[in-house]
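Notes for the one structure printed next.
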Amino acid sequence: MHPLLILLIAVAVILVMILRLRVNAFLALIAAATTVGILSPRIPLAEVMPKLATSFGGVCAKIGIIVALAAVIGECLLESGAADKITRVFIRLFGEKRSSLSLLTSGFVLGIPVFFDTVFYLLVPLARAMRVRTGRNYLVFIMSIVAGGITTHCLVPPTPGPLAMAAALDVDLGVMIMVGLLVAGPMASAGWLFARYRDRTFPVPLRETPGVTLAELSEIAHGEEVRLPGFVWSATPIFLPVLLITANTFAGALGAGPGLRGALAFFGDPNFALLISAGISMYVLASHKGYTLAQLTGPVDRAFAGAGLIILITAGGGAFGGMLVEAGAGSRLASLAQSYHLPLLVLGFLLSALLKAAQGSSTVAMITASSILAPLVVAAPPSFHPVYVASAIGSGSLVGEWMNDSAFWVYKQMSGLTEIETLKTLSPLLAVLGITGFLMSVLLAFVLPLR
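If you count by the working numbering, then the sequence shown holds residues 67 to 517, one letter each, in order.
This is the structure we're talking about:
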């Protein structure tokens, strides 16, 4: 059977299982990987499952520890109040008149270690309190949270989507972080400008939402900051691993000696950098809340419970990509793209956008698209660094937002918007973010190819 036909059948298996049968994404990806192995004449039937397991294990080795530790960091930041502290510092830094920028920046920073849905849950009460306090700009506030949080969620490790793309495309994590931040910055800025425009042209009233009444919102904005951890301790678990990992990546280019390079290779290893930060975040939680080691097991266990599924889904995507490589789909896809003169970045962006629109999850779109394109990148290496393929895929995963995404309903319910208001605000905002990210990826690929 032709490799591209096998690819189409495998993608159909994923979409049918997720959309129609409501099967967990991990099972859908493993079923699709198995389908590829069975249908491909290049893979002996007896070797299908061993090859699948090898690919699965390879991705687990790259991302398993990182995802688990990142989940611990995020959980501890939330429970200790460190995330709240970071937000309040940014609000004080930018001032009340530019409070939307403080929410944008808070979302941008917190979106690196914390899942987007959680970031939005954390910040939207502050946005609503600011609306009560100022009497205006409600859409700017809530859309700024989205613009900041979702850009880093889709482009900057250690969140699962960027981590999976880096693993699939064999991109150094430090390079992924740096380019992700370079692309995400203009994306968030474009999103903020669009939020200001949408607020002027489509005013939305503040309504009651589940959980917090309007009468309680003003108390949130004026809560006692003395009960929160210090800013340095709060921010260290986020910025320390970024600094260590990027320092390790660029140690050679900065002229570091052999001894320093060896030390940076150890401390800047993503697994160790995240381990240090997880330890710091646990210390902040324990010292601020007075937790014993036994009491720390609660938040840590909750973090691991959530991380386990993410690891399975991400590694499942790696198994799918590995089977596509074995089936020869990459070389055939490369030939097809060359015959139609379809640039790799355009292909990555469009494929990710189609997968996003079809099944709703940006993370699944990133994992699947990067798994499909990974063999193509190997078969026909582009003239630019494959990190730009990852950023184009991540940008495409934002386009096509509608009611099949859980983030759609989180945004709607927590903001007190109707379905139509959500479609008129969230969907175009993510399209603006995605298109801006794609254009930045193209620009940087030509201006800074990193080859």
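Beta carbons are placed, not taken as given, at the ideal position from N, Cα and C, and that holds for glycine.
Values in this document were obtained by computation on a predicted structure and should not be read as measured data.
Query, Result
"Inter-residue spacing [alpha-carbon to alpha-carbon] between L421 and Y357", "44 Å"
"Cβ pair count under 8 Å reaching 3, the segment 110 to 124 against the segment 135 to 150", "no"
"Distance, T434 Cα to K478 Cα", "27 Å"
"Continuous alpha helix (DSSP H) stretch holding S106: start and end", "Here S106 belongs to no alpha helix (DSSP H), and DSSP marks it neither H nor E."
"R398 classed as buried or exposed, judged by whether at least 16 other C-beta atoms fall within 10 angstroms", "buried"
"From A431, A445, G482, G394, residue whose alpha carbon lies closest to that of I109", "G394"
"Distance CB(N314)-CB(A329) smaller than 7 Å", "no"
"Residue range of the alpha helix (DSSP H) that includes I75", "69 to 81"
"C-alpha distance - V298 paired with R164, whole-angstrom precision", "23 Å"
"Delimiting residues of the alpha helix (DSSP H) encompassing R293", "R293 -> no alpha helix (DSSP H), and no H or E assigned at all."
"Contact the segment 204 to 219 vs the segment 256 to 264: 3+ CB pairs below 8 Å", "yes"
"Three-way DSSP call (helix, strand, coil) for S427 in this model", "coil"
"The segment 225 to 243 touching the segment 435 to 454, judged by at least three CB pairs closer than 8 Å", "yes"
"Nearest candidate by alpha-carbon position, reference A97, set G323, F386, I346", "F386"
"Sequence-distant residues of the same chain with beta carbon closer than 7 Å to M242, five excluded per side", "P223, P228, A232, V453, A456"
"Stretch-stretch touch, CB-based, cutoff 8 Å, three pairs: the segment 456 to 475 with the segment 422 to 431", "yes"
"S401 versus L413: straight-line alpha-carbon distance, rounded", "13 Å"
"M506 classed as buried or exposed, judged by whether at least 16 other C-beta atoms fall within 10 angstroms", "buried"
"Cβ-Cβ separation, V476 to F186 (assumed contact under 8 Å), whole Å", "6 Å"
"Touch test, the segment 366 to 381 against the segment 164 to 176, Cβ-Cβ under 8 Å, three pairs minimum", "no"
"Test item: CB-CB of T225 and F174 under 7 Å", "no"
"Alpha-carbon to alpha-carbon, N337 and S343", "10 Å"
"Below-7 Å beta-carbon distance, F450 vs any chain C residue", "Reference to chain C is not applicable here, since this structure consists of a single protein chain."
"Counted within 10 angstroms of its Cβ, other Cβ atoms place F181 as buried (16 or more) or exposed", "buried"
"C-beta atoms of I211 and L169 nearer than 7 Å", "yes"
"Distance CB(A76)-CB(T101) smaller than 7 Å", "yes"
"Buried versus exposed, by CB contacts within 10 Å (16 or more), D236", "exposed"
"Under the three-state DSSP convention, the category P448 falls into", "coil"
"Nearest neighbour of P179, chosen from R273, T153, G460, P307 [CA to CA]", "P307"
"CB of M480 within 7 Å of CB of V270, strictly", "no"
"Residues of its chain near G334, where Cβ-Cβ distance is below 7 Å and the 5 sequence neighbours each way are ignored", "L310, I311, A313, N314"
"Coarse secondary structure for W468, derived from DSSP in three states", "coil"
"Straight-line gap, K355 to G323 (C-alpha atoms, nearest Å)", "42 Å"
"First and last residue of the uninterrupted alpha helix (DSSP H) at P116", "114 to 146"
"Beta carbon of S146 nearer than 7 Å to that of P295", "yes"
"CA-to-CA distance, V245 to L239, given in whole angstroms", "10 Å"
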